[in-house]
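*Asks:* Numbered per my numbering, the sequence shown spans residues 162 to 490.
We put the CB at the ideal spot given by N, CA and C, even for glycine.
In this text the structure is predicted, and so the values were computed from the model without any measurement.
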Amino acid sequence: MSINVHIKGLGHHVPEKILSNQDLEKIVDTSDEWITSRTGISNRHIVEDETCVDLAYEASLKALKKAGLEADDLTHIIVATFTGDRPLPSASCLLMERLGIKQKAAMDIAAACSGFVYGLETARAFIALHPESKILVVGSEILTSRVNWKDRSTCVLFGDGAGAAVLTGDDGAEHDGKLLDVVISADGALSMALAIKGGGSALPYHLGDNVGEEYFIEMRGREVFKHAVRNMASISKEVLARHGYTTDDVDVLVPHQANQRIIEAVGKKLSIPVEKVFSNVSRFGNTSAASIPIALSEAKEIGAIKEGDLVLVTTFGGGLTWGSALLQF
Ligand code: UT7
162 MSINVHIKGL GHHVPEKILS NQDLEKIVDT SDEWITSRTG ISNRHIVEDE TCVDLAYEAS
222 LKALKKAGLE ADDLTHIIVA TFTGDRPLPS ASCLLMERLG IKQKAAMDIA AACSGFVYGL
282 ETARAFIALH PESKILVVGS EILTSRVNWK DRSTCVLFGD GAGAAVLTGD DGAEHDGKLL
342 DVVISADGAL SMALAIKGGG SALPYHLGDN VGEEYFIEMR GREVFKHAVR NMASISKEVL
402 ARHGYTTDDV DVLVPHQANQ RIIEAVGKKL SIPVEKVFSN VSRFGNTSAA SIPIALSEAK
462 EIGAIKEGDL VLVTTFGGGL TWGSALLQF
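(1) Shorter than 8 Å from the beta carbon of I396 to some beta carbon of chain B?
(2) With burial defined as no fewer than 16 other Cβ atoms inside 10 Å of the residue's Cβ, what is the status of T407: buried or exposed?
(3) Which stretch, first to last residue, makes up the alpha helix (DSSP H) that contains I455?
(4) Give me, in chain order, the residues of the same chain whose beta-carbon lies closer than 6 Å to that of C254; leave out the 5 immediate sequence neighbours on both sides.
(5) Just to check, is the beta-carbon of C213 closer than 7 Å to a non-hydrogen atom of the ligand UT7?
(6) What is the C-beta distance between H388 and L481, in whole angstroms, given that I count them as a contact (C-beta under 8 Å)?
(7) Are the segment 458 to 469 and the segment 370 to 389 in contact at 8 Å, needing three or more beta carbon pairs?
(8) With which residues is N204 paired in a DSSP beta bridge?
(9) If you drop the 5 nearest sequence neighbours on each side, which residues of the same chain put their C-beta closer than 8 Å to that of S346?
(10) Smallest Cα separation from L487: which of P292, V344 and S306?
(11) Do L414 and K398 count as a contact pair if the criterion is CB distance below 8 Å?
(12) Excluding the five sequence neighbours on either side, which residues of its own chain have a C-beta within less than 7 Å of the C-beta of D246, listed in chain order?
(13) Name the one or two DSSP bridge partners that W483 has.
(14) Using only the alpha-carbon positions, how far apart do L364 and V427 sit?
(15) What do you reckon, are the CB atoms on L326 and A451 nearer than 8 Å?
(16) Closer than 8 Å is the cut-off here; do at least three beta carbon pairs connect the segment 271 to 286 with the segment 234 to 243?
(17) Mind checking E302: buried by the 16 CB within 10 Å criterion, or exposed?
(18) Under a three-way DSSP split, which group does K295 fall into?
(19) Taking 7 Å as the cut-off, is the C-beta of H173 nearer than that to any heavy atom in the ligand UT7?
(20) Taking the alpha-carbon of H206 as reference, which of T197, A228, N182 and K178 has the nearest alpha-carbon?
Next up, the structure:
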């Protein structure tokens, strides 16, 4: 089914404070050399007192400004996150309140790092049903609130940030780009490869309990790495094939910013030359659901994505979940 979905504006926001590899050397048994050679990450932005909704709000304002729309023009707010301000209410309802609007649809998406791409597909479905929709899709994460700072295998990887996009159907106005297609997938059999085991109904909090390490991110890194490369490459080929494209047609590849070695391996598997592969993981680390919209917004802002470019987005995360999107600017 062909649906006209336009990207009217993109925006991103990261907290001011930077946590460097050298700062981490003082917290855990690690080294700048290990982190840069294994992940490509040098710095990540981390919050001091801002919340997920604070970052989402700033990114949303920028996306709305680029779109030339007021918050009240929106019909739906979708926030992808697993680090919302509170378990209840949703981050999207809190964001709506912060934007000073009401009586819009609001929902959060739980698909970990793939959440923004899942959000794009959800927005496409809303637009197919209601072509007049104006939808804000946000990925916002405070990963540092769920990091075990004693676990060197995970705490060096993550950062905080938010990115947002405003999507509409055909409205006769000027647009940034077109969202041509999205494909999403998941495999629950590998759910414990990347998980926060505690804090849900399977392992609830009890009043007075100590907070153990089961309430923070745990990951079997090597296993996740393998699946990430394989699934991002195959779902990318799938979305391209649906439109008769091959990887030669791609002008810019925007992969989930988890690890430079994963980014390079996906580019290589797709035979997309390194100069067409966008990466900012060295400055932001892995910001989960915020990674793709931050990368898209920044790539557009600095001219790495130009008018006429065919952009392939691909993502991977806990669940396990993965997906790809095809954009035409
Ligand atoms: O957002 C999507 C989800 N996340 C990802 O996509 C991440 C996927 N996985 C990865 O990016 C990589 O697997 C990591 C970066 C997490 C780890 O890299 P690796 O090359 O797979 O390392 P490893 O886990 O196999 O560990 C190698 C060694 C171990 O030591 P021994 O057992 O060989 O002596 C670890 O203990 O490196 C050690 N190590 C560290 N050393 C210094 C693990 N973390 C650190 C650290 N500093 N921070």
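*Replies:* In terms of the structure at hand:
(1) Going by chain labels, chain B is absent from the structure shown, which holds only one protein chain.
(2) Within the sequence shown, numbered from 1, the residue matching residue 407 stands at position 246. Per the 10 Å Cβ criterion, exposed.
(3) Start at 1 with the first residue of the sequence shown, and residue 455 comes out as number 294. That run of the alpha helix (DSSP H) goes S452 to E462.
(4) Reading the sequence shown from its first residue, position 93 is the one you call residue 254. So the qualifying residues of the chain are A267.
(5) For the purposes of this step, residue 213 is identified with residue 52 of the sequence shown, where counting begins at 1. Incorrect: C213 has no Cβ contact closer than 7 Å to the ligand UT7.
(6) Here residue 388 refers to the residue found at position 227 when the sequence shown is read from its first residue. Here residue 481 refers to the residue found at position 320 when the sequence shown is read from its first residue. Yes, they are in contact, since the Cβ atoms of H388 and L481 sit about 6 Å apart, within 8 Å.
(7) no
(8) Residue mapping note: residue 204 aligns to position 43 of the sequence shown, counting from 1. Per DSSP, S181.
(9) Taking the first residue of the sequence shown as position 1, residue 346 is located at position 185. Around S346: N392, I396, T482, W483 and G484.
(10) For the purposes of this step, residue 487 is identified with residue 326 of the sequence shown, where counting begins at 1. L487 has its Cα closest to that of V344, out of P292, V344 and S306.
(11) Along the sequence shown, read from residue 1 onward, the residue named residue 398 stands at position 237. Along the sequence shown, read from residue 1 onward, the residue named residue 414 stands at position 253. No, Cβ-Cβ distance for K398 and L414 is not below 8 Å.
(12) The sequence position of residue 246 within the sequence shown is 85, counting from 1. Excluding sequence neighbours, D246 sits near T212, C213, V214, A252 and L255.
(13) For this step, residue 483 is matched to residue 322 along the sequence shown. In DSSP, W483 forms a bridge with S346 and F477.
(14) Within the sequence shown, residue 364 is the residue found at index 203, counting from 1. Within the sequence shown, residue 427 is the residue found at index 266, counting from 1. Approximately 35 Å, taken between the alpha carbons.
(15) On the sequence shown, position 165 is the one that residue 326 refers to. On the sequence shown, position 290 is the one that residue 451 refers to. Going by the sequence as given, residue 326 is Ala instead of Leu. Not in contact: A326 and A451 (Cβ atoms no closer than 8 Å).
(16) yes
(17) On the sequence shown, residue 302 is found 141 positions in, with the first residue counted as 1. When all chains shown are included, E302 counts as buried.
(18) By 1-based counting over the sequence shown, the position of residue 295 is 134. Residue state, collapsed to three classes: strand.
(19) The sequence position of residue 173 within the sequence shown is 12, counting from 1. For H173, the Cβ stays outside the 7 Å cut-off from all heavy atoms of the ligand UT7.
(20) If you number the sequence shown from 1, residue 206 lands on position 45. The shortest Cα separation from H206 among T197, A228, N182 and K178 belongs to K178.
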